[in-house]
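For reference, the structure discussed in these notes is given below.
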Amino acid sequence: MSPVLAHPVPMVDHLEFEAVYRAHGPAVYRFCLTQLREPTLAEDAAADVFAAALRAWHRVDHGAGVKLWLFGIARNVVADHYRAVRRRERLQQLLNRGHRTSARPDPELAVELRDDVRRVGEVIATLRRRDQVLLGLRVASDLSHSDIARVMGMSEESVRVAIHRAVKKIRTKLESHDEQ
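In this text, residue positions in the sequence shown follow the UniProt record's numbering: the first is 1, and each later residue adds one.
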């Protein structure tokens, strides 16, 4: 059932909400895409973000903080997605007990991963989840360090240091891969 239809929606100034959607929808989608790495999942997640925002619209100040509020919702939606994936994986493991499957990598996929963009994505995927979220908010969503700090509940300096270290890890891994 659609989240919008599953819960009653209070009276909303639809023009105001549409303006917020137009202003921030693309950035929310890009953030979801960097976190989920699949356009269809990112579209669904972005839709869930705005469905949740619509349901809670009457409880929030619609001023300058609305962008950060939306990214907070997006962060939670992405986290919910990964929790659901882990639950499905655990269930699948229980169902498959005793059945072994081949863990060999697909040779065609290995060839595709030679592309630089895919290699960077692969390296980013090895980072801690928090660092992936920080990079997604900074690069894909173009949020400032102070905005990211508010979304993540961290100090601005901690955000700066974490992003710097994550970028350094990416460079190191890419350079070591190039040397091989």
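Backbone N, C-alpha and C define an ideal beta-carbon position, used for all residues, glycine too.
Cutting at 7 Å between CB atoms, please list the residues of its own chain near residue i, excluding the five before and the five after it.
i    : result
L36  : A42, A45, V78 and H81
Q132 : Q35 and I124
L68  : D147, R150 and V151
I73  : V49, A52 and A53
F17  : L54 and W57
R30  : A140 and S141
S176 : none
Please say whether residue j and residue i have beta carbons closer to each other than 9 Å?
i           : j    : result
A53         : L70  : yes
H145        : I163 : yes
residue 203 : A166 : The chain is shown only over 1 to 180; residue 203 falls outside these bounds and no answer can be derived.
Y24         : V66  : According to the sequence displayed, residue 24 carries His and not Tyr. Cβ atoms of H24 and V66: closer than 9 Å.
H62         : V28  : no
T126        : K168 : no
Which residues in the same chain as residue i place their Cβ atom closer than 6 Å to its Cβ, once the five residues preceding and following it in sequence are excluded?
i    : result
L143 : L137
R160 : H145
A47  : none
R87  : none
I170 : V123
R75  : none
Only counting the same chain, and skipping five residues up and downstream in sequence, which positions put a Cβ closer than 8 Å to that of residue i?
i    : result
G121 : R37
S155 : A149
T40  : none
>> Going residue by residue through the UniProt domain "RNA polymerase sigma-70 region 2" (21 to 87), where are the continuous alpha helix (DSSP H) segments of at least 4 residues, counting only ones entirely within it?
In response: Taken in chain order, the unbroken stretches of alpha helix (DSSP H) that lie wholly in the UniProt domain "RNA polymerase sigma-70 region 2" (21 to 87) and span 4 residues or more are 39 to 56.
>> My parser needs the beta strand (DSSP E) runs of 3 or more residues fully inside the region 153 to 177; what are they?
In response: none
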